[in-house]
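Novice:
Numbering (the working numbering), first residue to last: 3 to 339.
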């Protein structure tokens with residue numbers, strides 16, 4: 003008899019990984035119990051009236067969680083108590099990265115309990131330019147070895163996980179989406195071209211700063227005269243992004259910047275998009291990219307990670323070469339929209 007499943011969400015934020023997990027639960031684990039951090043208010047909102055068995059826990063991952071796992075005894079006791087409570091279930095940890103949820107990996111080891119990690123990627127903290135990356139990467143080497151069953155989203159991340167833990171079983175559950183229902187939209191010839199960036203505003207990962215730099219290099223001597231740039235999402239660099247937009251200077255092209263903030267239904271606005279831009283320095287497999295592809299939207303993205311699995315080379319650019327990024331935007335504005 004197969005055990006009932008319990009999903010433990012570890013982070014206090016909601017991103018594409020958490021949303022994909024909810025879709026996976028609907029399709030493959032309809033009777034699962036969901037354990038979510040008490041302070042993850044957006045996840046609570048997403049789960050309202052959905053019919054799930056929802057429980058709250060107090061072992062939410064925190065800043066510098068790699069170190070919290072070792073020194074935060076109160077958090078560790080909460081993790082131990084939760085795993086003891088659901089010891090007879092098939093436990094899946096929803097980890098945005100190996101650090102988020104490492105407290106549960108250690109707790110499971112102490113209890114001699116097997117758990118599964120649902121994790122989007124295995125990027126190093128040095129590559130992600132996180133504070134104290136040397137210490138976090140040092141500890142992560144051990145955290146990866148505490149779990150012997152991973153579920154990830156792409157072959158490239160499976161290879162990374164097997165390198166970090168050669169004895170693990172790594173299964174792939176590719177990201178996928180249900181095609182959103184959107185109004186019909188057709189841009190009129192004299193209306194502005196609309197570019198959309200959708201997602202958390204965090205410069206180093208999502209590349210909003212690189213996008214603004216690329217726009218400053220655009221040559222406006224083209225068939226289009228006006229652009230609207232729409233940002234959907236919030237995050238720690240939102241105010242700095244607004245400052246960059248206010249200071250934007252390119253005398254050859256007229257650009258309006260529009261901020262929509264966090265939206266539960268991004269396509270209620272983004273259905274108007276002529277071009278979706280994903281300038282991330284690193285990623286998993288962005289759900290917004292998959293949704294845009296299904297809707298027939300044009301997408302250009304950095305030549306990184308899971309984007310390579312879904313976009314042809316002509317839709318990719320080297321995020322570290324500003325001229326190439328700017329020329330890619332220009333090419334799509336001029337020839338492909």
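Heads up, the beta-carbon is just placed ideally off N, CA and C, and yes, glycines get one too.
Within the same chain, show all residues whose beta-carbon is closer than 6 Å to that of residue 14, passing over the 5 residues directly before and after it, in chain order.
Specialist: 39, 41, 42, 62
Novice: Whose C-beta lies closer than 8 Å to the C-beta of residue 47 among residues of the same chain, with five residues either side of it excluded?
Specialist: 266
Novice: Compare the C-alpha of residue 176 against each of 234, 67, 289 and name the closest.
Specialist: Taking only the C-alpha atoms, the option nearest residue 176 is 289.
Novice: Any beta carbon of chain C sitting closer than 7 Å to that of residue 329?
Specialist: Here there is only one protein chain, and chain C is not present.
Novice: Relative to the alpha-carbon of residue 264, which residue among 75, 74, 58, 232 has its alpha-carbon at the smallest distance?
Specialist: Of 75, 74, 58, 232, the residue nearest in Cα terms is 232.
Novice: Fully enclosed by the segment 67-134, which beta strand (DSSP E) runs are 3 residues long or longer?
Specialist: 92-96, 118-120
Novice: Is the beta carbon of residue 243 sitting closer than 7 Å to the one on residue 210?
Specialist: A contact, by the Cβ cut-off of 7 Å.
Novice: Can you name the start and end residues of the beta strand (DSSP E) that residue 170 belongs to?
Specialist: Careful: residue 170 lies outside any beta strand (DSSP E) and carries neither H nor E.
Novice: Do you know whose CA, among 93, 108, 190, lies nearest residue 143's CA?
Specialist: 108
Novice: Assuming residue 197 is part of the beta strand (DSSP E), what are its boundary residues?
Specialist: Residue 197: member of the beta strand (DSSP E) spanning 195-200, first to last residue.
Novice: What are the start and end residues of the alpha helix (DSSP H) that includes residue 290?
Specialist: 289-296
Novice: Below 7 Å between beta carbons: does that hold for residue 19 and residue 122?
Specialist: yes
Novice: List the DSSP bridge partners of residue 258.
Specialist: 230
Novice: If we call anything under 7 Å between Cβ atoms a contact, is residue 281 one with residue 229?
Specialist: no
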